[in-house]
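First the structure, in the form of structure tokens, and then the observations on it.
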Amino acid sequence: MSVQPAREDPFVGAMSQRLGGPLGRYAALVRDFWNPTRVVLVVATLTYLAGMVFRLPCRITVAGQSPDTFRRLCYSDIGLLYADRGLLQGNTPYLDSGSYPVLEYPVLTGWFLELERRITVLTGAPSGTGLSAQQAVDATLRFVDVNQVLLGALFLVAVWAQVRTVVDRPWDAMMLAAAPTVAAAALVNWDLLPVALAAAGVLAWSRKRPGLAGVLLGLGMAAKLYPALLLGPLLLLCLRSRRMRAYGRLLVGFAVSWLVVNLPALVLAPDAWLDFWTFNADRTGDFGSIWYVFSLAGHPVPHLNTVSAGLFALGCLLIGLLIVLAPRRPRFGTVAFLVVAAFLMTNKVYSPQYVLWLLPFVVLARPRWRDWWVFTVGELVYFVAIWWHLGGDLSPGDGGEDRVYWLAVVLRLATQAWVVAVVVRDVLHPERDRVRRPSTGSGSVGDDPTGGVLDGAPDAAWRTRLLARPAVRT
Numbered sequence: 002m003s004v005q006p007a008r009e010d011p012f013v014g015a016m017s018q019r020l021g022g023p024l025g026r027y028a029a030l031v032r033d034f035w036n037p038t039r040v041v042l043v044v045a046t047l048t049y050l051a052g053m054v055f056r057l058p059c060r061i062t063v064a065g066q067s068p069d070t071f072r073r074l075c076y077s078d079i080g081l082l083y084a085d086r087g088l089l090q091g092n093t094p095y096l097d098s099g100s101y102p103v104l105e106y107p108v109l110t111g112w113f114l115e116l117e118r119r120i121t122v123l124t125g126a127p128s129g130t131g132l133s134a135q136q137a138v139d140a141t142l143r144f145v146d147v148n149q150v151l152l153g154a155l156f157l158v159a160v161w162a163q164v165r166t167v168v169d170r171p172w173d174a175m176m177l178a179a180a181p182t183v184a185a186a187a188l189v190n191w192d193l194l195p196v197a198l199a200a201a202g203v204l205a206w207s208r209k210r211p212g213l214a215g216v217l218l219g220l221g222m223a224a225k226l227y228p229a230l231l232l233g234p235l236l237l238l239c240l241r242s243r244r245m246r247a248y249g250r251l252l253v254g255f256a257v258s259w260l261v262v263n264l265p266a267l268v269l270a271p272d273a274w275l276d277f278w279t280f281n282a283d284r285t286g287d288f289g290s291i292w293y294v295f296s297l298a299g300h301p302v303p304h305l306n307t308v309s310a311g312l313f314a315l316g317c318l319l320i321g322l323l324i325v326l327a328p329r330r331p332r333f334g335t336v337a338f339l340v341v342a343a344f345l346m347t348n349k350v351y352s353p354q355y356v357l358w359l360l361p362f363v364v365l366a367r368p369r370w371r372d373w374w375v376f377t378v379g380e381l382v383y384f385v386a387i388w389w390h391l392g393g394d395l396s397p398g399d400g401g402e403d404r405v406y407w408l409a410v411v412l413r414l415a416t417q418a419w420v421v422a423v424v425v426r427d428v429l430h431p432e433r434d435r436v437r438r439p440s441t442g443s444g445s446v447g448d449d450p451t452g453g454v455l456d457g458a459p460d461a462a463w464r465t466r467l468l469a470r471p472a473v474r475t
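See the structure below:
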């Protein structure tokens with residue numbers, strides 16, 4: 002039986018009353034057709050279309066147009082990098098070179114762009130060198146349109162996977178489908194590719210298919226680094242529950258899929274393949290990070306790579322201790338959120354589209370609309386602040402420091418920390434975890450509906466002995 006959000010969540014209950022209240026028992030026909038999957042996918046489509054409309058002011062159709070993308074909050078890498086990374090000229094990422102920088106993304110993202118380039122050309126867009134300014138604009142516009150279609154499809158895949166991951170809580174996926182942060186950030190870059198792959202990987206794990214989950218997460222890492230972060234918590238969860246055979250299948254699938262995708266570039270263009278890794282190792286504190294704020298304030302952090310990596314390692318250690326010492330084994334979705342949040346909060350950069358990485362795990366870890374709103378407000382304030390900061394709109398008239406942007410970064414970190422805090426509290430007090438409560442509302446604690454082979458597994462003997470209290474002699 003599915004959990005009814007209007008009866009569980011105060012925010013949804015209040016909104017439901019304004020719309021006429023929950024469906025009654027005589028609305029079976031409506032309920033059967035408009036099941037949660039269909040409703041959520043329709044809402045996701047509308048959210049994505051709203052994001053497309055939001056970006057219309059930045060749509061360049063005539064050569065010479067130069068909209069203020071920062072002030073209008075509609076900046077995107079998609080059109081810019083089509084020309085600036087050789088795609089407009091007909092070049093393949095990594096394998097071809099010219100008077101342009103190497104594409105600074107993991108290999109699967111590059112192959113995805115190559116697929117989109119070929120579709121763009123097949124639909125009649127001009128390509129090659131010697132194009133007129135208007136031809137370049139027409140080709141770029143076609144490429145942007147191809148991206149809007151394919152990235153929209155990937156968003157629907159991610160939402161579909163979210164609906165099906167927690168079987169008795171399909172309505173939780175509405176927090177992803179209706180997120181204004183998706184409308185704002187979905188078309189900044191190509192991050193919906195790894196988001197869809199990671200969501201599908203989590204779904205595969207929840208359905209006890211660790212090999213497939215490994216393949217999907219490996220492909221996710223081949224598009225962006227962050228899906229690899231899930232391997233650490235899964236290792237400890239499997240150790241605690243004696244499910245290492247499943248973890249082995251996960252790891253094999255992960256390694257094989259990542260290697261297959263990377264191998265062509267690694268063999269044929271090793272320097273170009275390495276560029277992504279050196280680019281990230283060499284960058285200093287960048288937009289969105291607390292390190293960037295320190296730098297703007299005149300206090301750059303020395304040895305930033307060491308400091309950032311050290312703080313992330315400390316966060317991972319604390320998460321590991323939580324997994325081992327928690328009274329009940331934490332849910333997979335919970336620790337997945339914690340490790341991705343730790344990475345993003347300590348990382349050297351926080352691009353506006355990184356919210357797409359974290360949002361699905363917020364839904365899995367803490368499916369409550371109050372906390373979703375806290376998280377969303379922090380992200381939206383930051384989204385506005387970063388573009389107006391880059392455009393100079395937040396700079397004070399006296400030429401002083403842009404402290405409004407500093408505060409936006411701190412606010413975003415604070416709202417993320419809020420969600421981290423309530424998630425950790427749920428781990429330490431599992432009776433407060435909504436996902437673990439059965440739909441009957443009995444209040445008793447269940448196990449892990451996203452855990453797959455972990456769901457219902459007993460603790461390993463080593464963990465029991467570790468926490469066993471010595472007998473008291475009398």
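Here this note's numbering is used: the first residue of the sequence shown is 2, the next is one more, and so on. Idealized CB from N, CA, C, for every residue including glycine. Computed from a predicted model, the values in this text were never measured in an experiment.
Does DSSP put residue i in a helix, a strand or coil?
{"i": "Val268", "result": "helix"}
{"i": "Ile387", "result": "helix"}
{"i": "Trp191", "result": "coil"}
{"i": "Phe288", "result": "coil"}
{"i": "Ile61", "result": "coil"}
{"i": "Val350", "result": "coil"}
{"i": "Gly224", "result": "The sequence shown places Ala at residue 224, not Gly. Helix."}
{"i": "Asn148", "result": "helix"}
{"i": "Ala134", "result": "helix"}
{"i": "Tyr1", "result": "It is not possible to answer for residue 1, since the shown part of the chain is limited to 2 through 475."}
{"i": "Thr70", "result": "coil"}
{"i": "Gln90", "result": "coil"}
{"i": "Asn36", "result": "coil"}
Within a Cβ cutoff of 7 angstroms, which residues of the same chain sit near residue i, ignoring the five residues on either side of it in sequence?
{"i": "Arg73", "result": "Pro58 and Cys59"}
{"i": "Ala137", "result": "Ala84 and Leu89"}
{"i": "Ile324", "result": "Pro234, Leu237, Leu238, Arg241, Pro331 and Val336"}
{"i": "Val341", "result": "Tyr227, Leu230, Trp358, Leu359 and Phe362"}
{"i": "Ile320", "result": "Pro234, Val336, Leu339, Val340 and Ala343"}
{"i": "Gln163", "result": "Ala174, Leu177, Ala200, Pro361 and Val364"}
{"i": "Asn348", "result": "Ser290 and Ser309"}
{"i": "Gly75", "result": "At residue 75 the sequence reads Cys, which differs from the Gly that was named. Phe55, Arg56, Pro58 and Cys59, listed in sequence order."}
Using a beta-carbon distance below 8 angstroms, is residue i in contact with chain D?
{"i": "Leu312", "result": "In the structure shown, chain D does not exist; there is a single protein chain."}
Distance check for residue j and residue i, CA to CA, integer angstroms please.
{"i": "Ala282", "j": "Asn306", "result": "7 angstroms"}
{"i": "Trp292", "j": "Val385", "result": "19 angstroms"}
{"i": "Val363", "j": "Val41", "result": "17 angstroms"}
{"i": "Lys481", "j": "Leu339", "result": "Shown here, the chain extends from 2 to 475; a query on residue 481 therefore has no answer."}
{"i": "Ala199", "j": "Met222", "result": "9 angstroms"}
{"i": "Val43", "j": "Met346", "result": "32 angstroms"}
{"i": "Ala224", "j": "His430", "result": "36 angstroms"}
{"i": "Trp374", "j": "Ala247", "result": "36 angstroms"}
{"i": "Arg165", "j": "Leu47", "result": "20 angstroms"}
{"i": "Gly299", "j": "Leu151", "result": "43 angstroms"}
{"i": "Val262", "j": "Arg466", "result": "43 angstroms"}
{"i": "Arg244", "j": "Trp463", "result": "13 angstroms"}
{"i": "Leu260", "j": "Phe156", "result": "25 angstroms"}
Among the candidates the options, whose CA atom is the shortest distance from the CA of residue i?
{"i": "Ala415", "options": "Leu152, Ala200, Phe376 and Ala270", "result": "Phe376"}
{"i": "Gly289", "options": "Gly321, Leu326 and Pro353", "result": "Pro353"}
{"i": "Arg143", "options": "Leu264, Thr124 and Val160", "result": "Thr124"}
{"i": "Arg435", "options": "Asp394, Val350, Arg369 and Thr465", "result": "Arg369"}
{"i": "Gly153", "options": "Gly393, Asp287 and Ala51", "result": "Ala51"}
{"i": "Leu365", "options": "Asp449, Arg464 and Val158", "result": "Asp449"}
{"i": "Gly65", "options": "Ala134, Asp192 and Thr279", "result": "Ala134"}
{"i": "Trp35", "options": "Pro171, Asp394 and Tyr101", "result": "Pro171"}
{"i": "Thr141", "options": "Ile61, Val108 and Pro195", "result": "Ile61"}
{"i": "Phe280", "options": "Asn263, Val350, Phe313 and Ser258", "result": "Val350"}
{"i": "Val108", "options": "Trp407, Leu47, Ala270 and Arg246", "result": "Ala270"}
{"i": "Arg86", "options": "Phe71, Asp69, Gly311 and Glu105", "result": "Glu105"}
Residues in the same chain with beta-carbon distance under 6 angstroms from residue i, minus the five sequence neighbours each way, listed in chain order, please.
{"i": "Val103", "result": "Ala273 and Asp276"}
{"i": "Ala214", "result": "Gly202, Ala205, Trp206 and Leu251"}
{"i": "Ile120", "result": "Val147"}
{"i": "Ser396", "result": "Asp403"}
{"i": "Gly453", "result": "Trp206, Ser207 and Lys209"}
{"i": "Phe255", "result": "Gly215, Leu218 and Gly219"}
{"i": "Asp427", "result": "Arg433 and Asp434"}
{"i": "Gly444", "result": "In this prediction, Gly444 scores a pLDDT of 44, lower than 50, which makes its location untrustworthy; the coordinate-derived value is nonetheless stated afterwards. Around Gly444: no qualifying Cβ."}
{"i": "Val196", "result": "Ala159 and Leu357"}
{"i": "Leu318", "result": "none"}
To which residues of the same chain is residue i closer than 8 angstroms at the C-beta, ignoring the five residues directly before and after it?
{"i": "Leu326", "result": "Leu468"}
{"i": "Gln149", "result": "Met53 and Leu188"}
{"i": "Asn190", "result": "Ser77, Asp78, Ile79, Ser352 and Gln354"}
{"i": "Gly99", "result": "Gly87, Gln90 and Asn92"}
So does residue i have its beta carbon nearer than 7 angstroms to some heavy atom of the ligand PLP?
{"i": "Gly125", "result": "Of the ligands one can find in the structure shown there are none, so the ligand PLP has no counterpart to examine."}
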